[in-house]
Amino acid sequence: MSTTFNIIPTKIDNSLTFQNVLTLAKQTLENQLDKLSINLSINISVNIHHDKEQYVNSINLDTKFIWTENEYAWFTVDKSNGGTDAYCQKLSGNLSDWDTYIEDTLDNVNMTPQLKQQIIDCEYEWYFRRSAGQSPLMSIAYGHLTAAVAKLTEGYIYTYDGAWHDNIFPATAEQLLEVYFYPDKAKDAADYEWVTRCIEGLKSDFASR
């Protein structure tokens with residue numbers, strides 16, 4: 002089983018580079034680890050894979066955070082196994098009715114004509130996928146990478162498959178980071194138990210190194 006976070010941007014400018022996504026995700030992730038009493042410095046890396054694994058390419062991190070639909074970006078954290086894959090899709094290639102899609106997906110957002118046009122003009126959306134069995138650190142990083150893209154694009158995050166509490170979506174980067182992977186923000190007992198177990202496992206893992 003896997004879960005996904007999708008991001009619909011409202012702007013794309015020169016600040017949206019791979020480097021800025023990695024830098025911002027590292028910063029917010031380390032801030033959260035510190036709040037959870039985990040003193041850990043991490044580095045996040047990325048490369049581009051062909052979707053049929055015909056090639057794996059290194060990239061210039063100063064380039065724009067866009068790649069083709071027959072590729073995916075693979076993000077890893079240096080102190081963790083596994084990774085998260087991300088996909089970049091051009092809206093014009095997949096949607097026949099942008100207005101309906103935007104309004105249905107962002108139903109709780111004050112959708113002015115100007116904001117709708119900004120989204121349409123961006124032409125892209127992204128989604129990050131977390132597969133089952135990922136490490137606790139990678140599971141946390143997945144949310145921070147999502148939030149970094151949303152922050153840089155002033156975008157909205159949503160999920161169709163329960164990647165996090167449904168009642169917060171669509172969410173801004175700040176709204177996701179306020180609750181993501183904090184036990185006291187859990188929606189129910191099962192969620193609290195899972196998040197707590199992941200965090201305690203992470204503390205135990207790095208305390209023994």
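In the numbering used here, each number is its position in the sequence shown, counted from 1, plus 1. Just so it is clear, CB atoms sit at the ideal spot from N, CA and C, and this is done for glycine as well.
Would the beta-carbon of residue i fall within 8 Å of that of residue j?
i: Gly-144; j: Tyr-88; result: no
i: Met-139; j: Val-196; result: no
i: Val-110; j: Tyr-157; result: yes
i: Gly-202; j: Pro-137; result: yes
i: Lys-65; j: Ile-43; result: no
i: Phe-170; j: Tyr-159; result: yes
i: Gln-20; j: Ile-141; result: no
Would you tell me roughly how many angstroms separate the C-alpha atoms of residue i and residue j, rounded to the nearest one?
i: Ala-190; j: Ile-60; result: 42 Å
i: Leu-25; j: Ala-149; result: 6 Å
i: Tyr-56; j: Thr-113; result: 42 Å
i: Asp-86; j: Leu-146; result: 11 Å
i: Asp-14; j: Thr-154; result: 8 Å
i: Leu-23; j: Arg-198; result: 26 Å
i: Ile-39; j: Glu-31; result: 9 Å
i: Lys-152; j: Leu-41; result: 23 Å
i: Ala-174; j: Thr-69; result: 24 Å
i: Leu-92; j: Leu-116; result: 16 Å
i: Glu-104; j: Asp-206; result: 44 Å
Contact defined as beta carbons within less than 8 Å: I believe residue i pairs with residue j. What is the distance between those atoms, to the nearest angstrom?
i: Thr-29; j: Leu-178; result: 6 Å
i: Leu-62; j: Thr-5; result: Contact doesn't hold; Cβ gap of about 24 Å is too wide.
i: Ser-3; j: Ala-133; result: 6 Å
Of all the CB atoms in chain B, is at least one closer than 8 Å to the CB of residue i?
i: Gln-90; result: Among the protein chains of the structure shown there is no chain B, as only one such chain exists.
Extract the residue ranges of the beta strand (DSSP E) inside the segment 73-160, only unbroken runs of 3 or more that lie entirely within it. 85-91, 125-132, 157-159
Below 8 Å, can you find three or more Cβ-Cβ pairs linking the segment 42-52 to the segment 157-164? no
Please determine if the segment 116-130 and the segment 9-28 are in contact, where contact requires at least 3 C-beta pairs separated by less than 8 Å. yes
Of all the alpha helix (DSSP H) runs that stay within the bounds of the segment 18-56, which reach a length of 4 or more residues? 19-36
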